[in-house]
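Residue numbers (the numbering used here): 424 to 491.
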């Protein structure tokens, strides 16, 4: 693995659930309006950070990597 995880288990689950909800609400509930597409895009980013366990914004802010 070429990166060190900086998102813990419970936070990964929260990101997966929240990202999925944001994606569904953005595309389905807001009928693909500009706001809906923005919300859907944010949902995709949140899902990806949850799947990989790494958040670049957290790394920039100085969050320590998880101990392996």
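Note that beta-carbon positions come from the ideal geometry of N, C-alpha and C, so glycine has one too. Computed from a prediction, not measured in an experiment: that's the story for all the values here.
So, residue i versus residue j, is the Cβ gap smaller than 9 Å?
i	j	result
residue 467	residue 441	no
residue 462	residue 453	yes
Mind reading off the beta-carbon distance from residue i to residue j? Whole number of angstroms is fine, and I expect it under 8 Å.
i	j	result
residue 473	residue 438	3 Å
For a minimum of 4 consecutive residues, which ranges assigned as the alpha helix (DSSP H) are wholly contained in the segment 427-479? 432-447, 457-475
Assess, as a yes-or-no matter, whether the segment 424-435 is touched by the segment 471-485 under the definition of 3 or more beta carbon pairs within less than 8 Å. yes
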